[in-house]
Each structure stands twice: as C-alpha cells, then as structure tokens.
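Reading through the structure tokens given below for one structure.
Numbering (this note's numbering), first residue to last: 1 to 230.
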C-alpha cells in the first residue's frame, strides 16, 4: 500500500498564485472524518500565530498503518500573501519513518530541500509557495471569483503546478441541514486519477469535503466534522 495518497488526502486541492485581494488570517482548528483505502483515519488542520507576524499551518492524519504530519511556517507580504519560510514533513508507514525539510531562502531565491543525505534545490520567484499553503489561498480565490488556473509550489526540490476547474454549485447535507457548495476538480494529465473538492460559502468558504479516486486503489475521503466549527 502506498503512503503518498494518505499524505495527499490533506494536500489535494492545488497551490494558488498571488491574488490581488488582501486578506487577514484567523487561527483555527478543524477535524475531519476520513477513510483511506477502506480504513478509517483521523485528520486535522490547524492554523496558529507562533510569534508576531509568523504563522504556522499544520496538517495531521493517522490510522493503524500510518501517521502523517506536515507543517508550513510562513510570514505575510504587505498585501497579505503568504511567504513560506520552512516546510516540514514527517511520516511513518508500517514502522518505516521518513522526514524531509524545505528551507526557503528568498534573498538567494532558492528553496533547499533535504531528506537524509539527499539534497536538492529549486529556483524561487514571486508567488511560489509550499505544497500546503493553498489551503489558506483557495477559499480566498473562490470567494473573490478568481479564475482557477495554474498554481506553482515547491515539492521535493522541484517546481510543480496544479490546475483546477470549477464544476459549479451543488447542494450538500451538513449538520442536519442542506447547504450550497462549490465543487472543484483537479485536472490530471493521465486521466487515471480524480480529485474532487467541495467548498461551502455559507461556512466562510470552508473545505467541507475532499474525495480522491486512483486506479491503483489508493482512494480516500475526507469530510469536515461540524463540531469542529464551534
């Protein structure tokens, strides 16, 4: 069983480029009920200000076969756009541990990635983020009506991009009531995978559901627990 899809369960929307709309951050903690390859998993997201002007977004997931933790520490530009400083990943699958760290050197415009003795670098430019900061940007972009195109991020020493498109509105039952949600789909080149995301405008553009299907059987589902909004 692959560990990578379990990681992507929390980082499967996209990476979003800079928006012209400034925004402010509010700390939060969210829990999700999840399944991965047929097994239940516990998942959460948390945003907190660790010191004045320095923020930290953390994602966690675990079940009986795996544990996963991913953290982004970042600052904000004058326009309110997140500027990644350090990205850290720690995972454990069937007793095997893996750790990797990316340091963002904006003065030299280089991101330095390291996992054990393996080291790689990627060139940086304005608008590039790490692979989880989209979770702050995607609600803002959807709320502002911005067209979802390509979004660049650093992943394991490489510059990559995601592309999403809107599939329109749907009605979903949430907390014993029906709400309107916006459905997004990630565009894959090979057509062997499908990732769908639902965002709820009435809940402050929260990510309420993520669903992924993969030809290798590594499917997952995440649904926001209503009580974590209280």
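Where a beta carbon is used, it is the ideal one built from N, C-alpha and C, also for glycine.
Quantities reported herein were computed from a predicted structural model and do not represent experimental measurements.
* Looking at the unbroken alpha helix (DSSP H) that takes in residue 136, where does it start and where does it end? -> 134-144
* To do: Using three-state DSSP, classify residue 26 as helix, strand or coil.
  => coil
* Asked: What is the DSSP secondary structure of residue 41, reduced to helix, strand or coil?
  -> strand
* **Identity of the residue in 213, 222, 223, 177 nearest residue 202 by Cα** => 177
* Do you know whose CA, among 171, 166, 179, lies nearest residue 187's CA? -> 166
* To do: Return the first residue and the last residue of the beta strand (DSSP E) that residue 176 is part of.
  => Taken as a continuous stretch (DSSP letters only), residue 176 belongs to no beta strand (DSSP E), as it is neither H nor E.
* **Coarse secondary structure for residue 77, derived from DSSP in three states** => coil
* Secondary structure of residue 84, DSSP reduced to three states -> strand
* **Check whether residue 31 and residue 225 have beta carbons under 7 Å apart** => yes
* To do: Flag this pair as yes or no: are the beta carbons of residue 29 and residue 46 separated by less than 7 Å?
  => yes
* Rounded C-alpha distance that separates residue 33 from residue 207 -> 13 Å
* **Separation of residue 157 from residue 7, as counted between CA atoms** => Caution applies to residue 7, whose pLDDT of 48 falls short of 50 and renders its modelled position unreliable; the value that the coordinates give is listed next. Spanning the two alpha carbons is a distance of roughly 17 Å.
* **Among 104, 123, 98, nearest to residue 116 - alpha-carbon criterion** => 98
* Nearest-angstrom Cα separation, counted from residue 100 out to residue 106 -> 19 Å
* **Between the CA atoms of residue 63 and residue 42 - distance to the nearest angstrom** => 6 Å
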